[in-house]
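Right, one structure below, let's go through it.
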Amino acid sequence: MLVGAELVGGFPRSERLRKALRRLEEKGSVGVVETLRVLWEEELVLVGVQLGAGLRCVVDPMLDWHDLLRPFVEAWRGVYADGLLRWFDNNFFYRVPVFVEEPSPQRFVLAPRVRSLRERLPSWVGLKVVVPGPYTFAKLSRRLGGIGFWDLVGYLADLLAVEVRKAVEAGASVVQVNEPILGDVAVDAEEAGRAVEYINRVLGAAAGAETILAVEYNVPSPDVYEKAVLEARADYLLIDIADYPDRAFKLLSSKGLGGHGLAAGVLDARSIYLEPYSRFEELVSRAVSAARPEKLLVTPNTGFELIPYRYGVAKARLLGQHYARLVERMG
37 MLVGAELVGG FPRSERLRKA LRRLEEKGSV GVVETLRVLW EEELVLVGVQ
87 LGAGLRCVVD PMLDWHDLLR PFVEAWRGVY ADGLLRWFDN NFFYRVPVFV
137 EEPSPQRFVL APRVRSLRER LPSWVGLKVV VPGPYTFAKL SRRLGGIGFW
187 DLVGYLADLL AVEVRKAVEA GASVVQVNEP ILGDVAVDAE EAGRAVEYIN
237 RVLGAAAGAE TILAVEYNVP SPDVYEKAVL EARADYLLID IADYPDRAFK
287 LLSSKGLGGH GLAAGVLDAR SIYLEPYSRF EELVSRAVSA ARPEKLLVTP
337 NTGFELIPYR YGVAKARLLG QHYARLVERM G
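Just so we're aligned, residue 37 is where the sequence shown starts under this note's numbering, counting upward by one.
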(Lines of atoms letter the chains of each structure in order from A and count residues from 1; the text may use other names and numbers.)
(Lines give C-alpha, C1' and ligand atoms only; values in the text may rest on other atoms or scores of the structure.)
Protein backbone atom coordinates (compact mmCIF):
# COMPACT_ATOMS: atom_id res chain seq x y z
CA MET A 1 0.00 0.00 0.00
CA LEU A 2 1.33 3.42 -0.98
CA VAL A 3 1.10 5.89 1.91
CA GLY A 4 1.51 9.67 1.88
CA ALA A 5 0.48 12.73 3.87
CA GLU A 6 -0.58 16.24 2.89
CA LEU A 7 -2.74 19.15 3.94
CA VAL A 8 -6.08 19.77 2.27
CA GLY A 9 -6.70 23.51 2.49
CA GLY A 10 -5.52 26.95 3.49
CA PHE A 11 -4.22 28.47 6.70
CA PRO A 12 -5.55 31.18 9.02
CA ARG A 13 -3.92 34.59 8.99
CA SER A 14 -1.30 35.54 11.55
CA GLU A 15 -1.70 38.61 13.76
CA ARG A 16 1.03 40.31 11.73
CA LEU A 17 -0.88 39.82 8.47
CA ARG A 18 -4.20 40.86 9.99
CA LYS A 19 -2.62 44.09 11.22
CA ALA A 20 -1.15 44.73 7.78
CA LEU A 21 -4.54 44.23 6.15
CA ARG A 22 -6.18 46.59 8.65
CA ARG A 23 -3.53 49.23 7.87
CA LEU A 24 -4.26 48.78 4.18
CA GLU A 25 -7.94 49.50 4.79
CA GLU A 26 -6.99 52.67 6.67
CA LYS A 27 -4.35 53.94 4.24
CA GLY A 28 -5.82 52.74 0.96
CA SER A 29 -3.45 52.36 -1.98
CA VAL A 30 -0.57 53.90 0.00
CA GLY A 31 -0.09 50.66 1.92
CA VAL A 32 -0.41 48.16 -0.96
CA VAL A 33 3.28 47.40 -1.47
CA GLU A 34 3.97 46.86 2.23
CA THR A 35 0.90 44.64 2.61
CA LEU A 36 1.89 42.51 -0.37
CA ARG A 37 5.37 42.10 1.10
CA VAL A 38 3.95 40.91 4.44
CA LEU A 39 1.51 38.59 2.65
CA TRP A 40 4.26 36.98 0.60
CA GLU A 41 6.55 36.55 3.60
CA GLU A 42 3.74 34.92 5.59
CA GLU A 43 2.94 32.54 2.74
CA LEU A 44 6.59 31.49 2.53
CA VAL A 45 6.62 30.86 6.28
CA LEU A 46 3.68 28.48 5.93
CA VAL A 47 5.24 26.72 2.97
CA GLY A 48 8.29 26.30 5.21
CA VAL A 49 6.11 24.90 8.00
CA GLN A 50 4.86 22.19 5.64
CA LEU A 51 8.33 21.32 4.38
CA GLY A 52 9.68 21.36 7.93
CA ALA A 53 6.96 18.88 8.89
CA GLY A 54 8.33 16.48 6.30
CA LEU A 55 5.49 16.87 3.78
CA ARG A 56 6.66 16.38 0.20
CA CYS A 57 3.63 18.14 -1.26
CA VAL A 58 2.69 21.62 -0.03
CA VAL A 59 -0.66 23.34 -0.36
CA ASP A 60 -1.05 26.98 -1.36
CA PRO A 61 -1.73 28.73 2.01
CA MET A 62 -4.37 30.97 0.33
CA LEU A 63 -3.92 33.72 2.93
CA ASP A 64 -5.40 36.41 0.69
CA TRP A 65 -8.56 34.41 -0.02
CA HIS A 66 -11.56 35.58 2.02
CA ASP A 67 -13.39 32.35 1.19
CA LEU A 68 -13.05 29.59 -1.39
CA LEU A 69 -15.44 31.20 -3.88
CA ARG A 70 -14.52 34.89 -3.72
CA PRO A 71 -11.27 34.89 -5.76
CA PHE A 72 -13.13 33.42 -8.73
CA VAL A 73 -16.11 35.75 -8.31
CA GLU A 74 -13.75 38.73 -8.36
CA ALA A 75 -11.94 37.41 -11.44
CA TRP A 76 -15.05 36.83 -13.58
CA ARG A 77 -17.54 39.03 -15.41
CA GLY A 78 -21.24 38.48 -14.94
CA VAL A 79 -21.14 37.87 -11.18
CA TYR A 80 -20.73 39.91 -8.02
CA ALA A 81 -20.31 39.15 -4.31
CA ASP A 82 -23.32 40.02 -2.16
CA GLY A 83 -24.13 39.60 1.55
CA LEU A 84 -22.68 37.18 4.07
CA LEU A 85 -23.94 33.68 4.82
CA ARG A 86 -22.60 30.97 7.08
CA TRP A 87 -20.22 28.50 5.41
CA PHE A 88 -21.98 25.19 6.11
CA ASP A 89 -21.98 24.51 9.88
CA ASN A 90 -18.81 26.49 10.60
CA ASN A 91 -18.24 29.73 12.48
CA PHE A 92 -17.08 31.19 9.18
CA PHE A 93 -18.89 33.24 6.55
CA TYR A 94 -18.70 33.74 2.79
CA ARG A 95 -20.09 36.36 0.45
CA VAL A 96 -22.84 34.93 -1.72
CA PRO A 97 -22.01 34.98 -5.44
CA VAL A 98 -24.82 36.49 -7.53
CA PHE A 99 -24.76 35.54 -11.20
CA VAL A 100 -26.53 37.97 -13.53
CA GLU A 101 -25.38 36.45 -16.84
CA GLU A 102 -23.11 33.73 -18.17
CA PRO A 103 -19.78 34.32 -16.40
CA SER A 104 -16.55 34.83 -18.32
CA PRO A 105 -12.96 35.32 -17.10
CA GLN A 106 -11.27 38.69 -16.86
CA ARG A 107 -8.14 37.05 -15.44
CA PHE A 108 -7.03 33.67 -14.13
CA VAL A 109 -6.74 32.95 -10.42
CA LEU A 110 -4.62 29.84 -9.97
CA ALA A 111 -1.88 29.86 -12.61
CA PRO A 112 -0.14 33.08 -11.44
CA ARG A 113 -0.10 31.77 -7.87
CA VAL A 114 1.34 28.44 -8.97
CA ARG A 115 4.09 30.09 -11.01
CA SER A 116 5.02 32.37 -8.13
CA LEU A 117 5.25 29.52 -5.62
CA ARG A 118 6.87 27.07 -8.02
CA GLU A 119 9.74 29.50 -8.70
CA ARG A 120 10.68 29.31 -5.02
CA LEU A 121 10.20 25.60 -4.40
CA PRO A 122 12.69 22.79 -4.98
CA SER A 123 11.80 20.71 -8.03
CA TRP A 124 11.09 17.64 -5.89
CA VAL A 125 8.34 19.37 -3.89
CA GLY A 126 4.78 18.83 -5.06
CA LEU A 127 2.37 21.78 -5.14
CA LYS A 128 -1.36 21.42 -4.50
CA VAL A 129 -4.11 23.82 -5.54
CA VAL A 130 -7.66 23.72 -4.20
CA VAL A 131 -10.73 24.73 -6.20
CA PRO A 132 -14.43 24.77 -5.39
CA GLY A 133 -16.46 22.16 -7.21
CA PRO A 134 -19.06 23.45 -9.69
CA TYR A 135 -21.99 21.79 -7.90
CA THR A 136 -21.19 23.30 -4.49
CA PHE A 137 -20.40 26.67 -6.13
CA ALA A 138 -23.80 26.75 -7.85
CA LYS A 139 -25.67 25.57 -4.75
CA LEU A 140 -24.17 28.39 -2.67
CA SER A 141 -24.93 31.07 -5.27
CA ARG A 142 -27.92 33.12 -6.38
CA ARG A 143 -29.08 33.39 -9.97
CA LEU A 144 -30.70 36.40 -11.65
CA GLY A 145 -31.69 37.08 -15.24
CA GLY A 146 -33.26 33.69 -15.88
CA ILE A 147 -30.11 31.58 -15.58
CA GLY A 148 -31.04 27.94 -15.03
CA PHE A 149 -29.38 25.97 -12.24
CA TRP A 150 -27.82 23.35 -14.51
CA ASP A 151 -26.79 26.02 -16.98
CA LEU A 152 -24.86 27.67 -14.15
CA VAL A 153 -23.28 24.37 -13.07
CA GLY A 154 -22.11 23.91 -16.66
CA TYR A 155 -20.70 27.43 -16.93
CA LEU A 156 -18.83 26.95 -13.66
CA ALA A 157 -17.49 23.55 -14.68
CA ASP A 158 -16.10 25.00 -17.91
CA LEU A 159 -14.48 27.99 -16.18
CA LEU A 160 -13.00 25.92 -13.37
CA ALA A 161 -11.70 23.35 -15.86
CA VAL A 162 -9.73 26.08 -17.63
CA GLU A 163 -8.40 27.29 -14.27
CA VAL A 164 -7.27 23.76 -13.42
CA ARG A 165 -5.68 23.12 -16.80
CA LYS A 166 -3.69 26.35 -16.65
CA ALA A 167 -2.65 25.65 -13.05
CA VAL A 168 -1.27 22.24 -14.02
CA GLU A 169 0.53 23.76 -17.00
CA ALA A 170 2.07 26.29 -14.59
CA GLY A 171 3.39 23.55 -12.32
CA ALA A 172 0.64 22.31 -9.97
CA SER A 173 1.11 18.60 -9.31
CA VAL A 174 -2.04 17.97 -7.24
CA VAL A 175 -5.54 19.35 -7.82
CA GLN A 176 -8.18 19.06 -5.12
CA VAL A 177 -11.82 19.75 -5.99
CA ASN A 178 -13.96 20.53 -2.94
CA GLU A 179 -17.60 19.42 -3.05
CA PRO A 180 -18.79 19.65 0.57
CA ILE A 181 -22.40 19.93 -0.59
CA LEU A 182 -22.25 16.19 -1.32
CA GLY A 183 -22.16 15.64 2.43
CA ASP A 184 -25.19 17.83 3.11
CA VAL A 185 -28.09 15.86 4.57
CA ALA A 186 -30.56 17.65 2.27
CA VAL A 187 -28.80 16.91 -1.02
CA ASP A 188 -30.77 14.78 -3.45
CA ALA A 189 -28.97 11.63 -4.60
CA GLU A 190 -30.34 11.77 -8.15
CA GLU A 191 -29.33 15.41 -8.50
CA ALA A 192 -25.89 14.67 -7.07
CA GLY A 193 -25.54 11.83 -9.56
CA ARG A 194 -26.26 14.26 -12.38
CA ALA A 195 -23.75 16.74 -10.95
CA VAL A 196 -20.85 14.27 -11.16
CA GLU A 197 -20.71 14.80 -14.94
CA TYR A 198 -19.73 18.41 -14.29
CA ILE A 199 -17.40 17.56 -11.42
CA ASN A 200 -15.58 15.17 -13.74
CA ARG A 201 -15.21 17.94 -16.30
CA VAL A 202 -13.10 19.84 -13.76
CA LEU A 203 -11.17 16.78 -12.59
CA GLY A 204 -10.49 15.75 -16.17
CA ALA A 205 -8.77 19.06 -16.89
CA ALA A 206 -5.96 18.11 -14.49
CA ALA A 207 -4.25 15.73 -16.93
CA GLY A 208 -0.79 14.89 -15.64
CA ALA A 209 -1.60 15.85 -12.04
CA GLU A 210 -2.93 13.83 -9.12
CA THR A 211 -6.57 14.56 -8.32
CA ILE A 212 -8.63 14.49 -5.12
CA LEU A 213 -12.37 14.90 -4.64
CA ALA A 214 -12.92 16.27 -1.13
CA VAL A 215 -16.22 15.95 0.73
CA GLU A 216 -15.79 18.01 3.90
CA TYR A 217 -17.85 18.70 7.04
CA ASN A 218 -19.98 15.54 6.85
CA VAL A 219 -20.09 12.00 5.52
CA PRO A 220 -22.19 11.51 2.37
CA SER A 221 -25.30 9.37 2.53
CA PRO A 222 -24.88 5.88 1.05
CA ASP A 223 -26.99 6.85 -2.00
CA VAL A 224 -25.06 10.05 -2.71
CA TYR A 225 -21.77 8.25 -2.15
CA GLU A 226 -22.71 5.50 -4.60
CA LYS A 227 -24.30 7.68 -7.29
CA ALA A 228 -21.94 10.65 -7.18
CA VAL A 229 -18.78 10.27 -5.11
CA LEU A 230 -17.78 6.85 -6.41
CA GLU A 231 -18.42 8.01 -9.99
CA ALA A 232 -15.89 10.83 -9.70
CA ARG A 233 -12.83 10.38 -11.90
CA ALA A 234 -10.40 11.32 -9.14
CA ASP A 235 -7.34 9.51 -7.89
CA TYR A 236 -8.39 9.92 -4.24
CA LEU A 237 -11.62 10.46 -2.31
CA LEU A 238 -11.26 12.58 0.82
CA ILE A 239 -13.64 11.45 3.55
CA ASP A 240 -14.16 13.26 6.88
CA ILE A 241 -13.23 10.56 9.38
CA ALA A 242 -12.22 12.76 12.33
CA ASP A 243 -15.71 14.23 12.84
CA TYR A 244 -17.80 11.15 12.04
CA PRO A 245 -15.63 8.03 12.38
CA ASP A 246 -18.34 5.41 12.85
CA ARG A 247 -20.43 6.64 9.92
CA ALA A 248 -17.34 6.95 7.75
CA PHE A 249 -16.15 3.43 8.51
CA LYS A 250 -19.62 1.97 7.95
CA LEU A 251 -19.83 3.70 4.58
CA LEU A 252 -16.35 2.62 3.50
CA SER A 253 -16.84 -0.99 4.56
CA SER A 254 -20.22 -1.30 2.82
CA LYS A 255 -19.51 0.67 -0.37
CA GLY A 256 -15.74 0.49 -0.75
CA LEU A 257 -13.67 2.94 -2.78
CA GLY A 258 -14.53 1.91 -6.32
CA GLY A 259 -10.87 1.77 -7.29
CA HIS A 260 -10.00 5.17 -5.82
CA GLY A 261 -7.33 5.85 -3.26
CA LEU A 262 -8.43 7.00 0.19
CA ALA A 263 -7.57 10.42 1.57
CA ALA A 264 -8.39 9.74 5.20
CA GLY A 265 -9.30 12.96 7.02
CA VAL A 266 -8.13 11.76 10.43
CA LEU A 267 -6.97 15.06 11.99
CA ASP A 268 -9.78 17.39 13.06
CA ALA A 269 -8.94 20.73 11.44
CA ARG A 270 -11.95 22.41 13.05
CA SER A 271 -10.68 21.75 16.59
CA ILE A 272 -7.70 23.18 18.44
CA TYR A 273 -7.26 19.86 20.26
CA LEU A 274 -3.95 18.23 19.33
CA GLU A 275 -4.72 14.55 18.85
CA PRO A 276 -2.30 12.04 20.42
CA TYR A 277 -0.62 9.55 18.14
CA SER A 278 -2.70 6.71 19.57
CA ARG A 279 -5.92 8.32 18.31
CA PHE A 280 -4.37 9.08 14.92
CA GLU A 281 -3.14 5.50 14.50
CA GLU A 282 -6.47 4.06 15.62
CA LEU A 283 -8.40 6.04 12.99
CA VAL A 284 -5.92 5.20 10.24
CA SER A 285 -5.98 1.51 11.16
CA ARG A 286 -9.78 1.38 11.18
CA ALA A 287 -9.94 3.26 7.87
CA VAL A 288 -7.56 0.79 6.24
CA SER A 289 -9.51 -2.17 7.62
CA ALA A 290 -12.81 -0.73 6.38
CA ALA A 291 -11.75 0.43 2.91
CA ARG A 292 -8.67 -1.68 2.11
CA PRO A 293 -7.19 1.02 -0.13
CA GLU A 294 -4.30 0.44 -2.49
CA LYS A 295 -3.27 4.08 -1.99
CA LEU A 296 -3.64 6.03 1.26
CA LEU A 297 -3.17 9.68 2.12
CA VAL A 298 -3.40 10.72 5.77
CA THR A 299 -4.76 14.24 6.00
CA PRO A 300 -6.76 16.69 8.09
CA ASN A 301 -10.49 16.63 7.37
CA THR A 302 -10.49 20.19 5.97
CA GLY A 303 -8.30 23.29 5.83
CA PHE A 304 -6.96 25.04 8.93
CA GLU A 305 -8.51 28.43 8.17
CA LEU A 306 -11.28 27.74 10.71
CA ILE A 307 -8.95 27.73 13.76
CA PRO A 308 -6.44 30.28 15.16
CA TYR A 309 -3.08 30.63 13.44
CA ARG A 310 -0.89 28.99 16.08
CA TYR A 311 -3.10 25.92 16.17
CA GLY A 312 -3.08 25.65 12.38
CA VAL A 313 0.71 25.66 12.42
CA ALA A 314 0.79 23.19 15.32
CA LYS A 315 -1.58 20.80 13.54
CA ALA A 316 0.46 20.91 10.34
CA ARG A 317 3.54 19.93 12.33
CA LEU A 318 1.55 17.29 14.19
CA LEU A 319 0.49 15.67 10.92
CA GLY A 320 4.12 15.41 9.85
CA GLN A 321 5.17 13.91 13.18
CA HIS A 322 2.34 11.38 13.27
CA TYR A 323 2.88 10.44 9.63
CA ALA A 324 6.60 9.81 10.16
CA ARG A 325 5.84 7.61 13.16
CA LEU A 326 3.15 5.74 11.22
CA VAL A 327 5.52 4.99 8.33
CA GLU A 328 8.18 3.80 10.77
CA ARG A 329 5.73 1.47 12.53
CA MET A 330 4.44 0.13 9.21
CA GLY A 331 8.01 -0.77 8.27
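Ideal Cβ positions, reconstructed from N, Cα and C, are used throughout, including at glycine.
- As the crow flies, the alpha-carbon of Glu51 is around 40 Å from that of Ala231.
- Asp276 is bridged by DSSP to Gly301.
- Per DSSP, the continuous alpha helix (DSSP H) segment holding Pro148 begins and ends at 146-154.
- For the set Gly184, Arg178, Leu249, Arg149, the Cα lying nearest the Cα of Glu205 is the one of Arg149.
- Rounded to the nearest angstrom, the gap between the Cα atoms of Arg283 and Ala174 is 27 Å.
- 8 Å or more divides the Cβ of Leu249 from the Cβ of Glu227.
- Contact between Pro141 and Leu195 holds, since their C-beta atoms are separated by about 6 Å, short of 8 Å.
- In the assembly as shown, Asn236 is a buried residue. Its beta-carbon has 16 or more other beta-carbons within 10 Å.
- Annotation: Glu70 to Val320 spans about 44 Å, alpha carbon to alpha carbon.
- For the segment 107-171, the continuous alpha helix (DSSP H) assignments of 4+ residues that do not extend past its boundaries occur at 146-154, in sequence order.
- Taken in chain order, the whole beta strand (DSSP E) runs of length 3 or more contained in the segment 316-364 are 331-336.
- If you ignore the 5 residues before and after Trp112, its C-beta comes within less than 8 Å of the C-beta of Pro139, Ser140, Pro141, Gln142, Leu195, all in its own chain and listed in chain order.
- In the structure shown, Gly229 adopts helical secondary structure according to DSSP, grouped into three states.
- Just measuring C-alpha positions, the residue of Asn254, Thr335, Leu310 sitting nearest Ala300 is Thr335.
- Sorting Val109, Leu355, His296 by C-alpha distance to the C-alpha of Pro329 places His296 at the top.
- With a 10 Å radius around the Cβ and a threshold of 16 neighbouring Cβ atoms, Asp125 comes out exposed.
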